[in-house]
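Novice: The numbers in the UniProt record's numbering rise by one with no breaks, and the one at position 63 of the sequence shown is 63. For each residue, glycine too, the CB sits at the ideal point set by N, CA and C. Just so you know, these numbers come straight off a predicted model, no measurement behind them. Here it is, the structure in full.
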Amino acid sequence: MKRRSIPWRNGEVLNDSKFKGGLGFRNFHVFTLALLAKQGWRLLNEPEALWARLLRRLYFPNSDFRQARKGSSPSWIWASLWESKKTLDLGTVRVVGSGNSSWFHKDPWLPSLEGHKISTPNIPASRVSDWIREDTRQWN
């Protein structure tokens, strides 16, 4: 009896959608980054969840997730979530509101600028609210 061999395919055919004649496999690296970014988004939006409070206490007790550092020997969970910050920074901006909790240079709050941050040097650290007039709510 003659044995049939496996018809090997290249990666492009495997990753093509089924509509294009491929097998519909996903790019697992991109898919994993998307799942991690979703958890990073939850960390930003649900800061009082038990798991978020635990991570904050362990890895960024004096800052928030966006300013957190990876550290010298992070757990694989923290290292993976930390990598998701790059993806989140590409597509998210901070809602300023009153500006009291938004840093003028550190936080991504300007959707029209590339990187969503101001890059003007030689301005002392300040909050967005420091640049808005209280009486008119216009830029100072």
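Hey, how far is the Cα of R53 from the Cα of I6?
Specialist: For the purposes of this step, residue 53 is taken as the residue at position 53 of the sequence shown. For the purposes of this step, residue 6 is taken as the residue at position 6 of the sequence shown. So the alpha carbons of these two residues sit roughly 50 Å apart.
Novice: With distances taken Cα to Cα, identify the nearest neighbour of Y59 among L36, E48, A79.
Specialist: Here residue 59 is taken as the residue at index 59 of the sequence shown, counted from 1. Checking every option, the nearest Cα to that of Y59 belongs to A79.
Novice: Does chain E have any CB closer than 9 Å to the CB of L36?
Specialist: As a matter of chain content, chain E is missing from the structure shown, which is built from one protein chain.
Novice: With the cut-off set at 9 Å, would you say L33 and L81 are in Cβ contact?
Specialist: Here residue 33 corresponds to residue number 33 of the sequence shown, with the count starting at 1. Here residue 81 corresponds to residue number 81 of the sequence shown, with the count starting at 1. No, the pair does not count as a contact, with Cβ atoms beyond the cut-off.
Novice: Quick one: Cα of A68 to Cα of G91, how far?
Specialist: In the sequence shown, residue 68 corresponds to position 68, counting from 1. In the sequence shown, residue 91 corresponds to position 91, counting from 1. Rounded to the nearest angstrom, the two C-alpha atoms are 18 Å apart.
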